[in-house]
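Each residue of the first sequence is one higher than the one before, starting from 54 at the first, in the working numbering.
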Amino acid sequence: MNKFKRTLVTTALPYANGPVHIGHLAGVYVPADIYVRYLRLKNEDVVLIGGSDEHGVPITLKAKNEGVSPQDIVDRYHGIIKKSFEDFGISFDIYSRTTNKTHYDTASEFFKTLYDKGEFIEKETEQYYDEEAGQFLADRYITGTCPHCKSEGAYGDQCEACGTSLNATDLINPKSMISGSVPVLRKTKHWYLPLDKHEPFLKKWILEEHKEWKPNVYGQCKSWLDMGLQPRAVSRDLDWGVPVPVEGAEGKVLYVWFDAPIGYISATKELTPEWEKYWKDPGTRMIHFIGKDNIVFHCIVFPSMLKAEGSYILPDNVPANEFLNLEGDKISTSRNWAVWLHEYLEDFKDKQDVLRYVLTANAPEAKDNDFTWKDFQARNNNELVAILGNFVNRALVLTQKYYDGVVPAAGELTDYDKETLEAIPEIVKKTEEALDHFKFREAVKEAMNLARLGNKYLADSEPWKLAKTDPERVKAIMNIALQITANLAILMEPFLPFTAKKMQKMINFEGKEWDVCGKKELLEAGHKINKPELLFEKIEDDEIQAQLDRLAKTKEDNDAAAKEAAPAKENISFDDFTKMDIRIGTILEAEKVAKTKKLLKLLIDTGIDKRTVVSGIAEYFTPEEIMGKQVSILVNLAPRKIRGIESQGMILMAEDANGELIFVSPEKNIKPGSEIR
RNA sequence: GCCGAGGUAGCUCAGCUGGUUAGAGCGCAGGAUUCAUAAUCCUGAGGUCGGCGGUUCAAGCCCGCCUCUCGGUACCA
């Protein structure tokens, strides 16, 4: 039935410019780990590959800011990240990094192969160059005024105010975000991977042969393929990265998105001399665990690279997750809005499994989800403690009490006993099915149902009542309760590896494999179990409050930082100032511009004339409330068409750090046309 | 703007190619119980399936328009 002989599981390489947080864990590493632990328990040939992504511009910038080398930065975070994963039991067969020699060699060689095969095209283009910083600028690192909506602070690739996609060269008054200087255009040569060439293949491969991929993944791919693919640059002008291994490429490195996925290959090479069987044998099933932001790279770009190279297999599935939010807001490294893994373990020592459980049970599989501390507490107290921990504890405590820790013989079984035993393989089967389809939240819920079954069984059969009247019956009941416990000790291992080990120790049941799951005689009569200890403990309100307080403080700090006024701009002459003709005007009419979020069309009495102005204030004011209002207006700004309407001037607004707008209005009514100077 | 995914109970989510009274877990209310970490077990209340319109014998599901959230939009990583 299964045409694959082995499985290669890769996890998105975390970017080594910060530690890892719960979003990383929930989206990628916990599901990947559950999956490979499950396969390993089934005795399948599987490897879990990971590593730090250590190239790219942000790392060089961080290094510059701190006055250290990029290598210092990545050494620091690679260490922290690697330790966090170890601490949380993410069972990598290898956790590597993209700055090591194997990777440089592998990535170089990969590029060279494609280059020699003529799989690249070379193009010379003009790009912005920051003379002060001495480097070319990615579009994202250029800011300026948006040519469409005139708002400042638009990025070179997109204006966030009006949502328009831009080219950096469209920006008015471009400025480098690295040094603040005005960038200049320079010619530069780069290598492009002609994705268009692979488009027919990709269409067939994804759209026809992989309809089973998750809707978000399939839809995103379809979107790209429908748009039509274009050649994509795979090199950058930068001094941090894998040098482009051809002549005439001095000062150029591989684009991090070209080198990072090759990191999966290099890591496998480091792991085993037999790496080729994982990457080149069609009997290998390759699975990429990633977040939704990486879909295009793993489904379009990397497969094109592998296909172009020619000897590699392609991924069989890419189960990308959506994003995890924290207490209603997006997780953000720069705003420190996150639960950092290394900090979590300081506050919740040895509670790795609790976090793993919560992140699995509430994983963002189909849509973005919210992590709240209250939910964390509830799931720990009401599910792990009350259902799983409690069941195991009551089964083991009763066994100690009645039989001094020796498993009793089952003897004769009632219909209800048999029914209960038959439910076990059913639960196992459902768990397996969910796991096979990457439905981890369903899988863990199903596994918990086994503990629920146990609780119900004990409640229904009441051995504590029969202890005095019918000792033979109690033996059967306790035998069954113990079989359920033993099953749980295996079934829970992929999800809660630390807890499962503890359980296995407690019942002297170690080193078992998945195939024993569902059986009813895992613990034989006469088998001795150890003294039970509690698997989970309650988490009290004050511990949760401490976490909430910490987040509240982060918010305060962020607000305070946002309140700092922007630095003054450079001086201008009085003449420059007098060039601006600013008047008081009265808003006569206002209406929303159809199909826009932010735009109002205003008719203004400027004293000189009545004119139309389009203003991006609709999120803060309704047309009704501003009718008749006196405002400041720049009347000699060159007219400009916005959404087809000619805007003749600009209303002056004061804007705070949160983007909130208020009018600059006269203190009391004054004649329209009055000059401001 | 364009493209994609999502909007179902107080919360977090299932819901197969359209088919009876729309499901689960948690929370809540009531009851039972005491082996167990006041844990467990049973029962129950709770929904205009984002909105409007359409197709159909029949719509959470199909079609159109609108709305909100998130992602992508090719040099952010």
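Idealized CB from N, CA, C, for every residue including glycine.
Just so it is clear, the structure is predicted and the values come from calculations on it, not from any experiment.
Specify the secondary structure class of residue 54 as computed by DSSP and reduced to three states.
Legend: pLDDT at residue 54 = 40, less than 50; position of this residue unreliable, no value from coordinates given.
Answer with buried or exposed for residue 239, where buried requires no fewer than 16 other C-beta atoms within 10 angstroms of its C-beta.
Residue 239 should be labelled exposed.
Taking only the alpha-carbon atoms, compute the straight-line gap between residue 464 and residue 529 and give it to the nearest angstrom.
One alpha carbon belongs to residue 464, the other to residue 529, and they sit about 6 Å apart.
Along the chain, where does the alpha helix (DSSP H) containing residue 452 start, and where does it finish?
Segment 443 to 456, the alpha helix (DSSP H) holding residue 452.
For residue 660, which residues in the same chain have their Cβ closer than 8 Å to its Cβ, ignoring the five residues on either side in sequence?
Excluding its 5 nearest sequence neighbours in each direction, residue 660 has C-beta neighbours in its own chain below 8 Å: 636, 637, 638, 724, 725, 726 and 727, listed in chain order.
Rounded to the nearest angstrom, what separates residue 423 and residue 186 at their Cα positions?
About 40 Å.
Considering residue 131, what are the terminal residues of the alpha helix (DSSP H) in which it resides?
Per DSSP, residue 131 is one residue of the alpha helix (DSSP H) stretching across 123 to 140.
Contacting residues, own chain, Cβ-Cβ under 8 Å from residue 29 (five flanking each side not counted):
Summary: the structure shown does not reach residue 29, with the chain confined to residues 54 through 730, and so no result is reported for it.
Residue 286 - partner residues in DSSP beta bridges:
DSSP, once it has assigned bridges, lists 245 as partnering residue 286.
Compute the Euclidean distance between the alpha carbons of residue 54 and residue 263, then round it to the nearest angstrom.
Note that residue 54 scores a pLDDT of 40, beneath 50, so its modelled location is shaky and nothing firm can be said.
Could you tell me which residues DSSP puts in a beta bridge with residue 218?
Its beta-bridge partners are 211.
Using DSSP bridges, identify the partner residues of residue 566.
In the DSSP output, where bridge partners are listed per residue, residue 566 has none listed.
Tell me the residue span of the beta strand (DSSP E) that contains residue 554.
Where residue 554 is concerned, there is no enclosing beta strand (DSSP E), although the alpha helix (DSSP H) around it starts and stops at 550 to 559.
Does the distance from the C-beta atom of residue 543 to that of residue 474 stay below 8 Å?
Cβ atoms of residue 543 and residue 474: not closer than 8 Å.
Whose CA, out of 687, 441 and 324, lies closest to the CA of residue 103?
Residue 103 has its Cα closest to that of 324, out of 687, 441 and 324.
Ordered along the chain, which non-local residues of its own chain (more than five positions away) have a Cβ less than 8 Å from that of residue 366?
Cβ-Cβ distances below 8 Å link residue 366 to 332, 333, 334, 335, 337, 339 and 359 in the same chain, with the five nearest sequence neighbours on each side left out; the list follows chain order.
Specify the secondary structure class of residue 430 as computed by DSSP and reduced to three states.
Looking at residue 430 - three-state DSSP - the assignment turns out to be helix.
Over the uninterrupted alpha helix (DSSP H) stretch that includes residue 273, give me the two end residues.
Its alpha helix (DSSP H) spans residues 268 to 280.
What would DSSP say about residue 230, mapped onto helix, strand or coil?
Correct three-state label for residue 230: coil.
Alpha-carbon to alpha-carbon, residue 484 and residue 491
Their Cα atoms are separated by approximately 11 Å.
CB of residue 237 within 8 Å of CB of residue 182, strictly
At a Cβ-Cβ threshold of 8 Å, residue 237 and residue 182 count as neighbours.
What would DSSP say about residue 409, mapped onto helix, strand or coil?
The DSSP-derived three-state label of residue 409 is helix.
Helix, strand or coil for residue 607? Go by DSSP, reduced to three states.
Helix, per DSSP.
Counting pairs of Cβ atoms below 8 Å between the stretch 514 to 524 and the stretch 376 to 392, do you hit three or more?
As far as the Cβ criterion goes, the stretch 514 to 524 does not touch the stretch 376 to 392, which means the pair count is below three.
Given residue 175, which residues of its chain have a CB within under 7 Å of its CB, disregarding the five upstream and five downstream residues?
Only 242 and 244 meet the Cβ criterion.
If you reduce the DSSP assignment to three classes, tell me which class residue 302 lands in.
If DSSP states are grouped into helix, strand and coil, residue 302 belongs with coil.
Just to confirm the assignment, what range does the alpha helix (DSSP H) spanning residue 336 have?
For residue 336, there is no enclosing alpha helix (DSSP H), as DSSP marks it with neither H nor E.
Nearest-angstrom beta carbon gap, residue 99 and residue 60 [assumed within contact, 8 Å]
Confirmed, Cβ separation roughly 4 Å.
Counting only runs that start and end within the stretch 453 to 508, where is the alpha helix (DSSP H) found for 4 or more residues in a row?
If only uninterrupted alpha helix (DSSP H) runs of at least 4 residues are considered, those enclosed by the stretch 453 to 508 are 468 to 489.
Coarse secondary structure for residue 170, derived from DSSP in three states:
It is coil, neither helix nor strand.
Buried or exposed for residue 587, please, with buried defined as at least 16 other CB atoms from any protein chain shown within 10 angstroms of its CB.
So residue 587 ends up on the exposed side.
Considering residue 25, what are the terminal residues of the alpha helix (DSSP H) in which it resides?
Look at the range of the chain in this structure, 54 to 730, and you will see that residue 25 is not part of it.
DSSP state of residue 657 mapped onto helix, strand, coil:
DSSP places residue 657 in strand when its eight states are reduced to three.
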